[in-house]
Structure formats: structure tokens, C-alpha cells
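Numbering (our numbering), first residue to last: -17 to 104.
Everything below concerns the one structure shown next.
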Amino acid sequence: MILKEILIKLAVNAVLLYGLAFLTTGRVKFSGIGPIVAAAIFVAPINAFMRDLVGLAGFPDTYVYVFVGSVVLNGVVLYALSCIIPRFTVEGIGVAVAYSLIMGMGSVVLNFFLAAEIARLF
-17 MILKEILIKL AVNAVLLYGL AFLTTGRVKF SGIGPIVAAA IFVAPINAFM
33 RDLVGLAGFP DTYVYVFVGS VVLNGVVLYA LSCIIPRFTV EGIGVAVAYS
83 LIMGMGSVVL NFFLAAEIAR LF
């Protein structure tokens, strides 16, 4: 994976984090663009290399395991980031996992349809 694709996935994750923060109305809160970018910087590499991480854990390399692993790992990471990043709060671990489920579905759709198109532009 080249740097250009990772940066595109970073931007897609930042947009998803920002958009889902409006949809959850209070369960996930951001104050400004800084926490969104900081959270996306930690979440994007996980999503970019999830297939390799699932393989390292010893699970089969199927889409179901990759998606479930991505949802759980992103949920745990989002909840941990809410404890570390100021002005970024998540109501609980369940909310973080649900948020990452929605974010994962959106990321799959956006990356499938947009990542290749955006990469061609550069």
C-alpha cells in the first residue's frame, strides 16, 4: 500500500468521524478539528493494515473476520483515544463499538467506491 492510499484512508476516516459525531448527538463529542484528525491518525493505520493484523492473530483471512476484527479493534481504540485525547469523549465502550461498526461500514463503502478514483486524480 502506498502512502497516497493511506492518506486517502486517513481523510475518509476523518470525514466519517466528523459526520458520525453529528449523527450520534452527544454520545461521541468532538471540540474542533484537532481531535478528529488525531483520532483519524490512530484509526486509519488500523483500517489500512487490518487484513495483516487479523492474519497475525491467527484468524482466517476472510472478509467476515477482517470486518469483525476491525469493528472490535476500532471500538477499543476509539474508547482508549477518548481517555487520551482532550476534547474527544465517548460515552462508553458499547457506544465506541457501535460507532466503529457504523464507521466500518461507511469506510468499506467509501474506500471501495472512492479510494481508487481519488488515487487516480493524484
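Just so it is clear, CB atoms sit at the ideal spot from N, CA and C, and this is done for glycine as well.
Legend entry - residue 44 - containing alpha helix (DSSP H), residue span: Unbroken run through residue 44: none, as it is neither H nor E.
Legend entry - Sub-8 Å separation of residue 78 and residue 72 beta-carbons: yes
Inset, instruction - Mind checking who residue 72 pairs with in its DSSP beta bridge? - result: 10
Inset, instruction - Return yes when the Cβ of residue 56 is within less than 8 Å of the Cβ of residue 88, no when it is not. - result: no
Legend entry - Where residue 31 falls: helix, strand or coil (DSSP): coil
Legend entry - residue -16 - DSSP class collapsed to helix/strand/coil: coil
Inset, instruction - Determine contact between the region -15 to -4 and the region 21 to 31, defined as no fewer than three beta-carbon pairs at a distance below 8 Å. - result: yes
Inset, instruction - Taking 8 Å as the cut-off, decide whether the C-beta atoms of residue 10 and residue 20 are in contact. - result: no
Inset, instruction - Just mark residue 18 as buried or exposed, buried being the case when its beta carbon has 16 or more other beta carbons within 10 Å. - result: buried
Inset, instruction - Could you round the C-beta distance between residue 83 and residue 53 to whole angstroms and report it? I think they count as a contact, below 8 Å. - result: 5 Å
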